[in-house]
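Asker: In order, the protein sequences belong to chains A and B.
Using my numbering, you'd call the opening residue of the first sequence number 92 and step up by one each time.
Using my numbering, you'd call the opening residue of the second sequence number 123 and step up by one each time.
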Amino acid sequence: MHELGITENIVAIVSERAGEQKVCRVKLEIGKLSAIVPDAVRFCFDICAKDTVLEGAVLEIDEIDGLGKCNSCGKEMLLSLLAGTCECGCRDLKCIAGQELLIKEMEVV
Amino acid sequence: MCATCGCSDDAQPKVVNLQTGQSVSVDNKPMPADYSHDHGHLHDHDHGHSHDDHDPGHSHDHDHGHPYDHGHSHDHERKASKTISLEEQVLAKNDKLAERNRGWFDGANILALNLVASPGAGKTALLERTIADLKKEFNISVIEGDQATLNDAERIQKTGAKVVQINTGAGCHLDAEMLATGLKQLDPPRDSIVFIENVGNLVCPALFDLGEKCKVAILSITEGEDKPVKYPHMFRAAEVMILNKIDLLPHLSFDLEACKKYALSVNPKLKIIELSATKGDGLELWYAWVRQLVRAKV
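1) Looking at C-beta atoms only, is the number of pairs between the region 391 to 400 of chain B and the region 243 to 259 of chain B that lie closer than 8 Å three or more?
2) Give a yes or no on whether the minimum CB-CB distance between Val-351/B and chain A is below 8 Å.
3) Along the region 201 to 222 of chain B, what residues have a CB closer than 9 Å to any CB found in chain A?
4) Output the residue ranges of the beta strand (DSSP E) runs that lie fully inside the region 125 to 179 of chain A and measure 3 residues or longer, sorted by chain position.
5) Just curious, the alpha helix (DSSP H) that Arg-417/B is in, first and last residue?
6) Just to check my reading of the structure: Ile-340/B and Ile-364/B have Cβ atoms closer than 8 Å, yes? What is that Cβ distance to the nearest angstrom?
7) What does DSSP give as the partner residue(s) for Gly-267/B in the beta ladder?
8) Which residues of the region 292 to 310 of chain B have a Cβ closer than 7 Å to any Cβ of chain A? Give them in chain order.
9) In the DSSP assignment, find the unbroken alpha helix (DSSP H) run with Asn-223/B in it and report its ends.
10) For my contact list, Leu-158/A and Leu-169/A are in at a C-beta cut-off of 8 Å; report their separation, rounded to the angstrom.
11) Taking 8 Å as the CB-CB cut-off, is Met-168/A touching chain B?
12) Along chain A, which residues have their Cβ under 7 Å away from the Cβ of Val-388/B?
13) Hey, could you find the ends of the alpha helix (DSSP H) Ala-352/B is sitting in?
14) At a CB-CB cut-off below 9 Å, which residues of chain B make contact with Leu-192/A?
15) Using 8 Å as the cut-off, can you tell me whether the region 147 to 158 of chain A makes contact with the region 111 to 121 of chain A, which would need three or more C-beta pairs spanning the two stretches below that distance?
16) Give me, in chain order, the residues of the same chain whose beta-carbon lies closer than 6 Å to that of Ile-262/B; leave out the 5 immediate sequence neighbours on both sides.
17) Step through the CB atoms of chain E and report whether any lies within less than 8 Å of the CB of Val-286/B.
18) If we ignore side chains and look at the alpha-carbon of each, how far apart do Lys-215/B and Glu-259/B end up?
19) Does Cys-326/B have its Cβ less than 8 Å from a Cβ in chain A?
20) At a CB-CB cut-off below 9 Å, which residues of chain B make contact with Asp-183/A?
21) What residues in its chain sit with their C-beta under 7 Å from that of Lys-419/B, if we drop five residues either side in the sequence?
22) So, Gly-267/B versus Thr-290/B, is the Cβ gap smaller than 8 Å?
23) Anything in chain A within Cβ reach of Pro-354/B, meaning under 7 Å, just list it in chain order.
24) Check whether chain B comes within 8 Å of Gly-96/A, counting only Cβ atoms and requiring the distance to be less than that.
25) In whole angstroms, what is the alpha-carbon distance linking Ser-375/B and Glu-299/B?
26) Do you know offhand how far His-184/B's Cα is from Glu-94/A's?
27) Anything in the region 356 to 375 of chain B with a Cβ closer than 8 Å to a Cβ of chain A? List those residues in chain order, please.
28) For the beta strand (DSSP E) containing Gln-211/B, list its first residue and its last residue.
29) I'd like to know if Ile-101/A contacts chain B, where contact means its C-beta is closer than 8 Å to some C-beta of that chain.
30) Where DSSP assigns a beta bridge to Arg-116/A, which residues make up the other side?
31) Taking Cβ positions, are Asp-217/B and Leu-405/B nearer each other than 8 Å?
32) Check whether the Cβ atoms of Val-286/B and Leu-272/B sit closer than 8 Å, and answer yes or no.
33) List, in order along the chain, the chain B residues whose C-beta lies closer than 8 Å to that of Glu-198/A?
34) Is there a Cβ from chain B that is less than 8 Å from the Cβ of Lys-195/A?
35) Cβ closer than 8 Å: which chain B residues qualify as neighbours of Leu-188/A?
36) With DSSP collapsed to three states, give me the class of Glu-99/A.
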């Protein structure tokens, strides 16, 4: 739903950093718990990139697994949802990975 | 393309000041001269038309010939290309603007609360009642967010509170820039409360910091007890969950305890307040929480 606005931001940030250079590849990191749907970003990317220095660029998305850390015993575990229960019974988990929404790099020619 | 329904739409956000009747665009997003905003079509997504009303320099016809298959073949020739590390947070710009709003609220000693919920959960009803009950105690003003119409702002205006309506057009949430534009129009006094009623949506508003003190999620018991686990981001981002329409409990199969358990599973620190905005049950608990935040500010 919000991926269009997010993708517009991505294109604006990369365009600004690229200046006059033509961008041929953009790499993003999107966490699996970030509430961003990578396919929706891919869908929007070509529309947003049109008539910018990103037009025709390849979009690569690395999806990052969700990782939680128990606030009681410190154990780390994979999270498929923002909530979970540690083996020790504690539900107070800190999400330490999986909420990324980052532009990692761009390739310019 | 519209961010919400996927249809093609050039609608830009605009801010309407109910006091002056003035309508302005959100900064850096000029409104097109022809603000036609026609949502009357059948969502056929054919993108075949030209967007030349806002971009006369080229035809911009959006007719992407390939089916979005991005095979990532990487067979492009690497002629003097170079990779540049960016490491930029996509939402950094919004977050910076939100911090600016937050600083502005702090400087003016204003408590700002961001009300988030599905459409129809009772956000506007809760605000009407809260303003009526607390207006002798606090100066309250409101920023309303909806995709279209002034309906909610007109309801708030009847309470006597100052109100500004932000119509997000294609957008499904308020962002920090829209709020900054809305605040300039609202011009709330020092030592007051600003309620921000976000667009009815349990997904996107969770991601966008506006600079508020905290988010208040409203869940009406007609919606089903599993909403907190279905939309965990929102209930995790909120400090308080209001369970509204509690007067309807005898008529529904809503499992109150299960709902609270779900909510606490996604956010163990969540404060839960049960109330009925229309009948008045539980409102004192909500007002006590608001008063406590106002006192904590000073």
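Backbone N, C-alpha and C define an ideal beta-carbon position, used for all residues, glycine too.
Answerer: The short version:
1) Yes, the region 391 to 400 of chain B touches the region 243 to 259 of chain B.
2) yes
3) Cβ contacts with chain A: Lys-201, Ala-202, Ser-203, Lys-204, Thr-205, Ile-206, Ser-207, Leu-208, Glu-209, Glu-210, Gln-211, Val-212, Leu-213, Ala-214, Lys-215 and Asn-216.
4) Listed in chain order, they are 149 to 155, 157 to 161 and 167 to 170.
5) 405 to 419
6) 5 Å
7) Ile-288/B
8) Gly-293, Cys-294 and His-295
9) Run containing Asn-223/B: 214 to 229, per the alpha helix (DSSP H) assignment.
10) 6 Å
11) no
12) Leu-173 and Ala-174
13) Note that residue 352/B corresponds to Lys in the displayed sequence, not to Ala. Here the alpha helix (DSSP H) through Lys-352/B covers 349 to 352.
14) Neighbours of Leu-192/A across chain B, judged by C-beta separation under 9 Å: Gln-211, Val-212, Leu-213 and Leu-329.
15) yes
16) Hits under 6 Å: Ile-253, Ala-283 and Ile-315.
17) Absence of chain E from the displayed structure is noted, the protein chains being A and B.
18) 36 Å
19) At least one chain A Cβ lies under 8 Å of Cys-326/B.
20) Pro-390 and Lys-391
21) Asn-231 and Leu-233
22) yes
23) Leu-172, Leu-173 and Ala-174, listed in chain order.
24) Using a CB distance cut-off of 8 Å, Gly-96/A counts as an interface residue toward chain B.
25) 41 Å
26) Model confidence at His-184/B stands at a pLDDT of 49, short of 50, so the residue's coordinates are unreliable; what they give is reported in the following sentence. Spanning the two alpha carbons is a distance of roughly 18 Å.
27) Arg-358
28) Note, Gln-211/B: beta strand (DSSP E), 204 to 211.
29) yes
30) Val-149/A and Glu-198/A
31) no
32) no
33) What Glu-198/A touches in chain B, judged by beta-carbon distance under 8 Å, is Ser-203, Lys-204, Thr-205 and Ile-206, going in chain order.
34) yes
35) Contrary to the premise, residue 188/A reads as Ala rather than Leu in this sequence. What Ala-188/A touches in chain B: nothing, since even the nearest Cβ is about 15 Å away.
36) helix
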